[in-house]
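*Asks:*
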Amino acid sequence: MNVEQRRRVLWRVPWLAALVTGAPTVALSLLSTTPAWAQTIGVATLSGKVVDTQSKAPIADAVVTVTSPALQGEQTVVTDGSGFYRIPNLPPGDYTLRVEADRYRVYARGGIALRANVTVRLDVEVLPETLTAEEVTVVGRPPTVDVGSTSSGLNMNSDFIERLPLAPPGGKGGLTRSFEQLAEAVPTGRSDAYGASLAGTTSPENAYIVDGLSVSDPGVGLVGTPVSLEFIKEVNVVTGGYLPEYGRTQGGVLDVVTKSGSNEFHGSIWGNWTPGQANPKRIVSQDTITTQRKLLSTQDIGFSLGGPLIKDKLWFFVGGQAASAYYQAERELNAFLTNPDGTQTLDAEGLAVSAPISGSKRQFRAKSTQYQLFGKLDFRVDQNNTVSFSVKSVLGQTGGNGYFALDPQSGLIEANQTFNVTGRPLTLSSRKPSQVYDFVLKWSNSSMNKRLLFDTTLGYHTESTTGSGGLAADGSEIGTSEGISGQPLVQYRRSNPSRRSIAEFETIPGTNPETGIGPCTPDIATNANGQPLVTRCPIATYNTNGPGGLQKSISQRIQLREVVTFLFEGLGHHVVKVGGEVEYSAVDNTSAFSGGFNIRESGGGGAWESNRGYFVHTGPDQLVLYPKLNYKVNQWAVGGFAQDSWSIMDRVTLNAGIRYDTQTLYGSQGDVALSLPNQISPRLGLIWDPTQSGRAKIYANYALYYQSIPLRLAYRSGSGEPGVFYRLPKAACPDPNASDFRECNLDPNNVGRSPLNTPDDPNIKYTILGFGRTFVDKDLKPGSSTEISGGGEYEVIPQGRVGATYLRRQTNNVIEDMSRDEAATYFIGNPGQGIAKDFPKAERVYDAGIFTFTKAFADDWLAQVSYTLAYLRGNWEGFFRSQTLQLDPGINSDFDLSSLVVNRKGPLAGDTRHEIKVFGSKDWVLSQGLRLTTGASYRTRSGGPTNYLGSHPVYGGGEVFILPRGEGERLPWVHNFDVHMALGVYRSRTQSIALTADFFNLFNFQATTNRSQIYTTADVNPIQGSAANNPYLPGREKKEIDPARVTTPDGSTFEAGQRNPNFGNATGFQDPLTVRVGIRTTF
Amino acid sequence: MKTRITLRLLCLGALGSLIVAGSNCADQREPECTSPAAGHFTVRLEPTDVPAGCENEVLRGIVVATRSYYVLDAEGNVDYDQPFRVAIQTLEMGEQFIGLEGQEEFDIGGDESVNRLVGGVSAASLIETNKLYAYGQFTTPQPDSNDQCYIPTTTPAVLESPGLLAATVTTEDDPETEEDEAAQEFVPPEDASTYRAEWSNVTFLVSTAYPGVQFTGTLVYTRPVFQDVTEPAPTAEDPMAVRVIRRERVRECAITYTGVAVSAVNTYDCSTPLPSDEDAPPYAREEGYNQALCGAEPDFSQGIAVGAGINPDFPIVCDPETKLCLLDGPFRSGATNL
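Read top to bottom, the protein sequences are chains A and B.
Heads up: the first sequence begins at 5 in our numbering, then just goes up one per residue.
Heads up: the second sequence begins at 7 in our numbering, then just goes up one per residue.
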């Protein structure tokens, strides 16, 4: 073993270094007991101790300097009396450290990788000049274990992002390759309907932070600024154990650091193209109308450029990206087959058999475009002051001009999980323009040799969106009588005695124009009573005329944050941090129904009904119709925190802190809609490094998290949504094919007695559906969760560590609206507490064991491997309901009525027990200047639970859990194998041109990702008590409820034929094989 | 340098002040004086003034509904500062009105109908001037410190029937049966009459837990008393048989009550008449009444899919006499969760 090899060993087994004495060496050790919480969000800290290599005496007044391509200029500090140094506010990147002290040799070393929000401790032993020593090259790399923090999650820098197949083109965020897509790579992370779900929570509960500014949508809490990965330097996804400086979330934190310019001019130009995807598996459906969705193409081009405006003083970074996506929605009609005697043809399972109607295929398209612009200036005023200012803009347009919209919130066509063209395309389509602007000003100031730090962040976020409703596709203005915005949505939905046929609305291919006989014509038209026997092309609903619900929102947020950090010594090293932040946000929301109200056919087909429209009651049978509701609501959130990270004897770190928050939401009338004061969140963490060298940690953490409530609650419950039900005579409007219902006599004052009217109701014509604002429990407690976590990490190879973590997060209080009298009056409270004490307590419990192996990019390869065993159960999913996609944070329907809460406890939608994620990348040098990067990922998870759902007599379809939650057959395992390849020609380290290719779902697996869980559309009771014991039909391969166990509210017998024929059928599959190719040049 | 540090610390202090100020915004919004937007109230009635001759007309319980309404300002916009107006209507007056509507096209057989309302008036015209609901307004937008809201007086509810004309209903013979169903039935005329309900001193209990779901007040309820005038109509089977030739209004009884009302959104009636088929749910298998129907929670074992819509804190009894789910105690009974 030569000297070099021996030093490698010393690096890997540092404690051996202490045994090696007399060797003329520069010894360097990396101790682990690092004070955490010492950094501002999004930046890193380097700290350590400088000692004499012989005497081990601390060296005061040594000059410590760090430089990095990521850092504008250099940062210098001087060690204190104990030889301790600390350099905060370092942008993530690779650093070089230099130590100079009188009478000592200059010490320098590079390869120090700093990740965002991580404190790395680097202790240095320097050689006296009097010593004669041979020249030594230090090999190996500093440990990557973050020994100062108890947080779990994943930190992804450009090494990770650029080398792996991430951010697939389909789904939410796929258009621009938004940062939230990275959650799929994180242990405990997965995509949910609205973004990234972390540690069992729902995406709107997360905190989304870009350059220190919260960019969540003030209305509903989703990502407001979908920043492209191209402008991002690092994404830190924190899933648990996080610091008091993170607050107002009980989900996770997605903390994004954007790119900055440096002293060298660098730029990049890129283009990506997804030329479509393999044919998706067809959804089997017992419907006349079926629509198949398929990605046609996505493409994006962009550029970035950064460099100095004044060298060592002022730097810039600018970038832009244009992206577009096209989807195809192929619609086909099917006719049910009949027997010669006119009865329906059934298959072996008793299901009706249908066949596609030849020539009925029609192709529709959905289109979305988005433009991003990003600019940033960094100004180094002096050694102790830096100022940065960044501007981001995201402009989007989707739908309109003959295209359907790709809903920005969910990524789905027209925000519909099972989008189907069940009516006039113009009625079903929408237009969803969006504009987002972010401005962030940051000032960092240090003094007292960087022992006193001030960090100020002032940010402004504004977005103009259209919610899930969108605007009318013809461009007409919301709330006016223009175009289809002035036409009511008309919904044909007769179900009794028979459904309508599609042939009543559309010309069916193959129909004889003279006889009218075609594929949808019944073989035997009528029975003896003149009633049709079989409707061959029945439709559940057909939508015509106006688009119905419309929405437009303008939101803004102003945020000011000030953090003071102070370092001192006392029984060890302390890093004390005190911070405060104020946030004001406002939403100016306009909601309307096209034409003022929706019109639907009564179930029996004999009348028109309206149950959607903003009608204000001003007296019995006196209505004022508001063509639109415009509510301006706002909120103030103020908070502060204090924390100390105490490094005791350089062995153990105790992190103790507390956070205080208060949030007040104001309704449209200016008064309080919801007050959430006194949110006191203690956090306590203990970390011990048994190796005392920064290569391992064992930790435990306790935290209480409070959740802020988005403003949607303030403009719905806090402001009031007036509404009525009334019935119009059928003669008021023509039957199908009326092109414009404005010609009908729809005057609500000409209606007859409401069918819901009872004789004691002072209103005869109308039945009130909504009135006034929702009351709030005076003892309402803010939503919160308690988390305990513990685990350990150990560095097994240089830059590679294994870890095991146990995480338990459980809700304490949940905010929901409820009715104690079956829908007459509602209030907002905590289910199971206060005035809602007779409701079951709302809860969500997440237990996870997480095993990881992480190898940072070094020696041309990286790896990220995890296995998560997790259990998620309860009766509250979070801020949205996966069954219906209802996104009403704090006022979802889970607890609305006591008759709704039965059977709701069980495994929640995100309860995918086993999850394995393997990411790996390797660079290959093919020849001088030619490099191949290969990356691959294998992700697999066990299937989630499904349910048996029925209709509730008051709340309608899908709201009754017939059996306890999760009793349905679990979905199958889903496997994904993705590959990334990049072939690059390099002129220098920073000049290259590369061709890239990503293969998502390489093996084109088509596992079922969702099934129809609607067991019946009939009103039924939940099965409880002894009836719930094995309520299945015997002898079936798949569990199937015995219809005899199902009872109905009106006492009538539940017939087997009332079972939904589509129940259990797949309604969603994995996205098929999709290929994305790209080209990129950097200079 | 010191100045800069001091300045920054002052800024932090200002932020701290804001936090303290924010913590003072601790109160939730006060509830508004309101009544439920849906459903019914059962009202337990205690008579306080019974005119002579009306002793047999005393009611022990009735069903009413209340609704609240916004008040418009001079420009026709909702004035959110004004307390709500409230309408209270009895089930009986509503049913009487529906009965009068039915007389407008009274089926006399043979595809013919007549308007039995005296003077040929329409039922709708009857309530254009006389409303079926008592109408008042809360005195304040918010409840007082006792969680109470007040409506001192109301415009009374009035239903004036002009009287009904006599009619003859013809039934034709069904040739497919052996019996001869052909007959003519005399429907007697009915005198003009008046129903009138006037509420006063109405006090609603209004808090977040009890948003207007109990009220008490004074009700002067005027109802007509009819007597059938008959004449002999002997038949072969019954030589003493009589027939009604007129329904005579003999008096109107204006009885004053103290009412105690509780909101029962879904179910106010706990009677269980004999079921007509075997599919009747378990709760209705025995004739009479069933306390289970007044339960706040659904009882799926009894076939009760939704609760009665009565606040679960309130003591409720299925009253054997009225077969209504009535509050079992005085006003504010069970309101322990204020």
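Each residue gets a CB set at the ideal place from its N, CA and C atoms; glycine is no exception.
Since we're looking at a predicted model, the values are computed, not measured.
(1) Around the C-beta of A:Leu50, are 16 or more other C-beta atoms found within 10 angstroms, so that it is buried, or is it exposed?
(2) Check whether the Cβ atoms of A:Glu184 and A:Pro222 sit closer than 8 Å, and answer yes or no.
(3) Return the residue from the list A:Pro73, A:Val82, A:Arg107 that minimises the CA-CA distance to A:Asp98.
(4) Excluding five sequence neighbours on each side, which residues of the same chain lie with their C-beta closer than 8 Å to the C-beta of A:Glu139?
(5) Over the uninterrupted beta strand (DSSP E) stretch that includes B:Glu134, give me the two end residues.
(6) Restricting to Cα atoms, I'd like to know which of A:Ile63, A:Gln58, A:Arg90 is closest to A:Val70.
(7) Is it buried or exposed, A:Pro759, if we count other Cβ atoms within 10 angstroms and call 16 or more buried?
(8) CB A:Ser156 to CB A:Thr253, shorter than 8 Å?
(9) If I measure Cβ to Cβ from B:Asp305 and keep anything under 8 Å in the same chain, skipping five residues before and after, which residues do I get?
(10) When DSSP labels each residue in this structure, what does A:Arg993 get in the three-state scheme?
(11) Could you check whether A:Phe368 and A:Val444 sit closer than 8 Å to each other, using their CB atoms as the reference points?
(12) Closer than 8 Å, CB to CB, is A:Thr38 near chain B or not?
(13) Hey, would you say A:Pro542 sits closer than 8 Å to A:Thr431, going by beta carbons?
(14) Closer than 7 Å by beta-carbon distance: list the chain B residues that pair up with A:Lys782, in chain order.
(15) For the segment 216 to 229 of chain B, which residues have a beta carbon sitting closer than 9 Å to at least one beta carbon of chain A?
(16) Any idea if B:Asp325 is buried or exposed, counting beta-carbon neighbours within 10 angstroms, 16 or more meaning buried?
(17) Over the uninterrupted alpha helix (DSSP H) stretch that includes A:Tyr89, give me the two end residues.
(18) So if I threshold CB-CB distances at 7 Å, which residues from the segment 617 to 641 of chain A count as touching chain B?
(19) Would you mind stating whether A:Val728 and A:Leu690 have Cβ atoms separated by less than 8 Å?
(20) Once the 5 residues before and after A:Leu629 are set aside, which same chain residues still bring their CB inside 6 Å of it?
(21) Please check if any C-beta of chain A sits within less than 8 Å of the C-beta of B:Val70.
(22) Give the residues from the segment 1028 to 1040 of chain A that approach chain B closer than 7 Å (Cβ to any Cβ), ordered along the chain.
(23) Kindly indicate if chain D contains any beta-carbon less than 8 Å away from that of B:Ile322.
(24) Determine whether the beta carbon atoms of A:Pro911 and A:Pro957 lie at a separation below 8 Å.
(25) In whole angstroms, what separates the C-alpha of B:Gly108 from that of A:Arg824?
(26) Name, please, each residue of chain A whose Cβ falls closer than 8 Å to the Cβ of B:Arg91.
(27) Contact criterion: CB-CB distance below 8 Å. Does A:Pro686 meet it with respect to chain B?
(28) A:Val664 to A:Leu247, Cα distance in whole Å?
(29) Could you check how far apart the C-beta atoms of A:Phe899 and A:Val905 are, in whole angstroms? I think they sit under 8 Å.
(30) Where does A:Met653 fall in DSSP's three states?
(31) Considering only the beta carbon of each residue, do A:Leu94 and A:Gln79 sit closer than 8 Å?
(32) Helix or strand or just coil, what does DSSP make of A:Phe857?
(33) Whole-angstrom Cβ separation of B:Leu332 and B:Gly67, contact assumed at under 8 Å?
(34) Residues in the segment 815 to 834 of chain A with C-beta within 9 Å of chain B's C-beta atoms, listed in sequence order?
(35) Does B:Ser74 have its Cβ less than 8 Å from a Cβ in chain A?
(36) Whole beta strand (DSSP E) runs in the segment 770 to 815 of chain A with 3 or more residues, listed along the chain?
*Replies:* By the coordinates alone:
(1) Reading the first sequence from its first residue, position 46 is the one you call residue 50 of chain A. Buried: at least 16 other Cβ atoms inside 10 Å.
(2) Residue mapping note: residue 184 of chain A aligns to position 180 of the first sequence, counting from 1. Residue mapping note: residue 222 of chain A aligns to position 218 of the first sequence, counting from 1. Their beta carbons are not under 8 Å apart, which means A:Glu184 does not touch A:Pro222 by this criterion.
(3) Counting from 1 along the first sequence, the entry for residue 98 of chain A is found at position 94. For A:Asp98, the nearest C-alpha among the options comes from A:Pro73.
(4) Counting from 1 along the first sequence, the entry for residue 139 of chain A is found at position 135. At A:Glu139, the pLDDT of 41 sits below 50, so the modelled position is not reliable; the number obtained from the coordinates is stated separately. Taken in chain order, the list of residues that qualify is empty.
(5) If you number the second sequence from 1, residue 134 of chain B lands on position 128. Run containing B:Glu134: none in the beta strand (DSSP E); it sits in the alpha helix (DSSP H), 129 to 135.
(6) If you number the first sequence from 1, residue 70 of chain A lands on position 66. Here the closest residue by C-alpha is A:Arg90.
(7) Sequence index remark: in the first sequence, residue 759 of chain A carries index 755 (1-based). A:Pro759 comes out exposed.
(8) Within the first sequence, the letter at position 152 stands for residue 156 of chain A. Within the first sequence, the letter at position 249 stands for residue 253 of chain A. Taking 8 Å as the Cβ cut-off, A:Ser156 and A:Thr253 do not qualify as a contacting pair.
(9) As a working mapping, residue 305 of chain B is identified with position 299 in the second sequence. Counting only Cβ-Cβ distances below 8 Å, and skipping sequence neighbours, we find Tyr289, Ala298.
(10) Residue 993 of chain A sits at position 989 when you count from the first residue of the first sequence. Under the three-state reduction of DSSP, A:Arg993 is assigned to coil, being neither helix nor strand.
(11) As a working mapping, residue 444 of chain A is identified with position 440 in the first sequence. As a working mapping, residue 368 of chain A is identified with position 364 in the first sequence. At a Cβ-Cβ threshold of 8 Å, A:Val444 and A:Phe368 do not count as neighbours.
(12) The count along the first sequence starts at 1 and reaches residue 38 of chain A at position 34. With a pLDDT of only 31 at A:Thr38, under 50, the local geometry of the prediction cannot be trusted, and the value read off the model is given with reservation. False, the Cβ-Cβ gap to chain B never drops below 8 Å.
(13) By one-based count along the first sequence, residue 542 of chain A stands at place 538. By one-based count along the first sequence, residue 431 of chain A stands at place 427. A:Thr431 is positioned such that its CB atom lies no closer than 8 Å to that of A:Pro542.
(14) Position 778 of the first sequence, counting from 1, holds the residue named residue 782 of chain A. The answer, in chain order, is Gln34, Thr214.
(15) So the close ones are Tyr216, Pro217, Gly218, Val219.
(16) Position 319 of the second sequence, counted from the start, is the residue given in the question as residue 325 of chain B. It counts as buried.
(17) As a position in the first sequence, residue 89 of chain A is number 85, starting the count at 1. Element bounds for A:Tyr89: not the alpha helix (DSSP H) but the beta strand (DSSP E), 88 to 94.
(18) For the segment 617 to 641 of chain A, which is checked against every Cβ of chain B, the residues closer than 7 Å are Val620, His621, Thr622, Gly623, Pro624, Trp640.
(19) Within the first sequence, numbered from 1, the residue matching residue 728 of chain A stands at position 724. Within the first sequence, numbered from 1, the residue matching residue 690 of chain A stands at position 686. By the CB criterion at 8 Å, A:Val728 and A:Leu690 fall outside the cutoff.
(20) The residue given as residue 629 of chain A occupies position 625 in the first sequence. Excluding positions up to five away in sequence, the list reads Gly600, Phe619.
(21) For this step, residue 70 of chain B is matched to residue 64 along the second sequence. Chain A, which has a Cβ nearer than 8 Å to the Cβ of B:Val70, makes this yes.
(22) Those would be Gln1028, Gly1029, in chain order.
(23) Judged by its chain identifiers, the structure shown contains no chain D, and its protein chains are A and B.
(24) One-based indexing of the first sequence puts residue 911 of chain A at position 907. One-based indexing of the first sequence puts residue 957 of chain A at position 953. Contact flag unset, no.
(25) Counting from 1 along the second sequence, the entry for residue 108 of chain B is found at position 102. Counting from 1 along the first sequence, the entry for residue 824 of chain A is found at position 820. Cα to Cα, the separation comes out at about 37 Å.
(26) Working through the second sequence from its first residue, we reach residue 91 of chain B at position 85. Near B:Arg91 (Cβ distances below 8 Å), the residues of chain A are Gly623.
(27) In the first sequence, counting from the first residue as 1, residue 686 of chain A sits at position 682. Cβ-Cβ to chain B under 8 Å: no for A:Pro686.
(28) Position 660 of the first sequence, counted from the first residue, corresponds to residue 664 of chain A. Position 243 of the first sequence, counted from the first residue, corresponds to residue 247 of chain A. This sequence places Tyr at residue 664 of chain A; Val is not what is there. If you draw a straight line from the Cα of A:Tyr664 to the Cα of A:Leu247, it is about 13 Å long.
(29) For this step, residue 899 of chain A is matched to residue 895 along the first sequence. For this step, residue 905 of chain A is matched to residue 901 along the first sequence. That pair is a contact at about 6 Å.
(30) As a working mapping, residue 653 of chain A is identified with position 649 in the first sequence. Looking at A:Met653 - three-state DSSP - the assignment turns out to be coil, as it is neither helix nor strand.
(31) As a working note, residue 94 of chain A is residue 90 in the first sequence. As a working note, residue 79 of chain A is residue 75 in the first sequence. For A:Leu94 and A:Gln79, yes; Cβs fall inside 8 Å.
(32) By one-based count along the first sequence, residue 857 of chain A stands at place 853. Per DSSP, reduced to three states, the secondary structure at A:Phe857 is strand.
(33) Locating residue 332 of chain B in the second sequence gives position 326, where the first residue counts as 1. Locating residue 67 of chain B in the second sequence gives position 61, where the first residue counts as 1. About 6 Å separates the CB atoms of B:Leu332 and B:Gly67; that is less than 8 Å, so the two are in contact.
(34) Cβ contacts with chain B come from Ser823, Arg824, Asp825, Glu826, Ala827, Ala828, Thr829, Tyr830, Phe831, Ile832, Gly833.
(35) The sequence position of residue 74 of chain B within the second sequence is 68, counting from 1. True, the Cβ-Cβ gap to chain A drops below 8 Å.
(36) DSSP runs (the beta strand (DSSP E)) wholly in the segment 770 to 815 of chain A: 771 to 774, 788 to 801.
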